[in-house]
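These notes are about the structure you will find just below.
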Amino acid sequence: MTGQPPIAHEAFKQFERDKFSLVAQGYDQAIAQVTSQVDQAILDAVEAGYGKQLLDVACGTGWLSAAAMSRQAIVTGLDYAEKMVVIARLRCPEAEFQIGDAENLPFESGRFDAIVCSLGILHFADPERAIAQSFRVLKPGGRYAFTCWTPPARNPFMPLILGSVQTYGNMEVYLPPRPPLFRFGETAECKKVLSSAGFTSVSITELPMKWTFSTPQDVMPRIVISTARLGSILAMQTEEQRHNVENAIIEGAKKYVMDGSLEIPASILLTVGHKP
Ligand SMILES: C[S@@+](CC[C@H](N)C(=O)[O-])C[C@H]1O[C@@H](n2cnc3c(N)ncnc32)[C@H](O)[C@@H]1O
Numbered sequence: 105m106t107g108q109p110p111i112a113h114e115a116f117k118q119f120e121r122d123k124f125s126l127v128a129q130g131y132d133q134a135i136a137q138v139t140s141q142v143d144q145a146i147l148d149a150v151e152a153g154y155g156k157q158l159l160d161v162a163c164g165t166g167w168l169s170a171a172a173m174s175r176q177a178i179v180t181g182l183d184y185a186e187k188m189v190v191i192a193r194l195r196c197p198e199a200e201f202q203i204g205d206a207e208n209l210p211f212e213s214g215r216f217d218a219i220v221c222s223l224g225i226l227h228f229a230d231p232e233r234a235i236a237q238s239f240r241v242l243k244p245g246g247r248y249a250f251t252c253w254t255p256p257a258r259n260p261f262m263p264l265i266l267g268s269v270q271t272y273g274n275m276e277v278y279l280p281p282r283p284p285l286f287r288f289g290e291t292a293e294c295k296k297v298l299s300s301a302g303f304t305s306v307s308i309t310e311l312p313m314k315w316t317f318s319t320p321q322d323v324m325p326r327i328v329i330s331t332a333r334l335g336s337i338l339a340m341q342t343e344e345q346r347h348n349v350e351n352a353i354i355e356g357a358k359k360y361v362m363d364g365s366l367e368i369p370a371s372i373l374l375t376v377g378h379k380p
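Each number in the numbering used here corresponds to the 1-based position in the sequence shown with 104 added.
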């Protein structure tokens, strides 16, 4: 993509794997409760139900897998970060979980009736390859769904956090360059990529979510313990920068306090395709 530094695939993948393992417990406590707000919509989109073979790619700590198990699907989850998989296994002992790479799925072709990938696609070094792999292991007639955050203009939580770091901190700390964060939050791009991979009847829906906090002061600590990249960027700021960023987040969050609780709106794009 123009203006983006080239992605060093292996360095980026190793960073993602190591950092997500490191924050797995925090992610489970602080973020999975947000991402799981759309789990039923994702499972509806792939018609997950009794006896269906479902693969949860980048399953994280297993909330979506658990929701699919409640629908009596036969669930396999896969994630690159070992600690994520450890927690997923505890959450969901009846499902089968594997440590593995979305870009090299260790399954035979045509094995699954449905494949879901919730907020994983934006973390893959080569998303086209990951999509092609899901296409391969999906049965003809099967459905594939992924989600991604919508861009900041439609997603108030993102500018609050990213904007505060951009304005009061330093985003240029050295980390392996990543693919564009909001690429799959754009309808046209999602349609193009899924159609090129061979999927048909591609449909896209924007779904609202909300981040709930007790107080504005809780926002930044929660981000620090639970995110791979943003937490690393915040950890690499000077004390003064961190202080200023935190103050900006607190001030920005105050306008979302209502009746003693703090709810910041966000949204994701759900993209679904059929394998002919
Ligand atoms: C934001 S989390 C989403 C977790 C979960 N699906 C959810 O919605 O809460 C992204 C996940 O992608 C995983 N991941 C990143 N790159 C991966 C890859 N190449 N293959 C498999 N999983 C990967 C990370 O380890 C992490 O668990």
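Don't be surprised by glycine CBs; every beta carbon is placed ideally from N, CA and C.
query, result
"Quick test of your reading: F216 and L159, contact by CB under 8 Å. State the CB separation rounded to the nearest angstrom.", "5 Å"
"CB of A162 to nearest heavy atom of ligand 1: below 6 Å?", "yes"
"Identify the residues that DSSP records as bridge partners of D160: which are they?", "G181 and V220"
"Between the stretch 361 to 375 and the stretch 280 to 300, do at least 3 Cβ pairs fall closer than 8 Å?", "yes"
"Going by the DSSP bridge assignment, what does R247 pair with across the sheet?", "A218 and H378"
"Rounded to whole angstroms, what is the Cα-Cα separation between T316 and G166?", "21 Å"
"Between which residues of its own chain and S307 is the CB-CB distance below 6 Å, once the five residues before and five after are set aside?", "V376"
"Does the beta-carbon of V189 have 16 or more other beta-carbons within 10 angstroms, so that it is buried, or is it exposed?", "buried"
"Pull up the distance between the alpha-carbon of G356 and that of L366, whole angstroms please.", "11 Å"
"What does the alpha-carbon distance come out to for the pair M105 and P283?", "Summary for M105: the model assigns pLDDT 41, below 50, so the residue's position carries little reliability; its value from the coordinates is reported in the next sentence. Approximately 9 Å, taken between the alpha carbons."
"R258 to I329, Cα distance in whole Å?", "25 Å"
"Just mark L264 as buried or exposed, buried being the case when its beta carbon has 16 or more other beta carbons within 10 Å.", "buried"
"Compute the beta-carbon to beta-carbon distance between S222 and L285, rounded to the nearest angstrom, for a pair I have assumed lies under 8 Å.", "That belief does not hold up - the Cβ atoms of S222 and L285 are roughly 16 Å apart, past 8 Å."
"In this structure, does DSSP put N330 in helix, strand or coil?", "The sequence given here places Ser at residue 330; Asn does not occur at that position. Helix at S330."
"Could you please give me the residues that DSSP links to S140 through a beta bridge?", "In DSSP, S140 forms no bridge with anything."
"Can you tell me which of A218, E198 and E114 puts its alpha carbon nearest to the alpha carbon of E151?", "A218"
"Using DSSP bridges, identify the partner residues of W315.", "I368"
"Any chance you could list the alpha helix (DSSP H) runs of at least 4 consecutive residues sitting entirely within the stretch 186 to 218, in chain order?", "186 to 195"
"Is it the case that the Cβ atoms of D132 and A171 are separated by a distance below 7 Å?", "no"
"For T271, which of helix, strand or coil comes out of DSSP?", "helix"
"Drop a sphere of 10 angstroms on the beta-carbon of A192, count the other beta-carbons inside from all chains shown, and report buried for 16 or more, exposed for fewer.", "buried"
"Kindly indicate which residue of A249, V179 and Q341 has the alpha-carbon position closest to the one of E276.", "Q341"
"Heavy atom of ligand 1 less than 6 Å from the Cβ of A134, yes or no?", "no"
"When you compare the CB positions of K314 and P369, do they come within less than 7 Å of one another, or not?", "yes"
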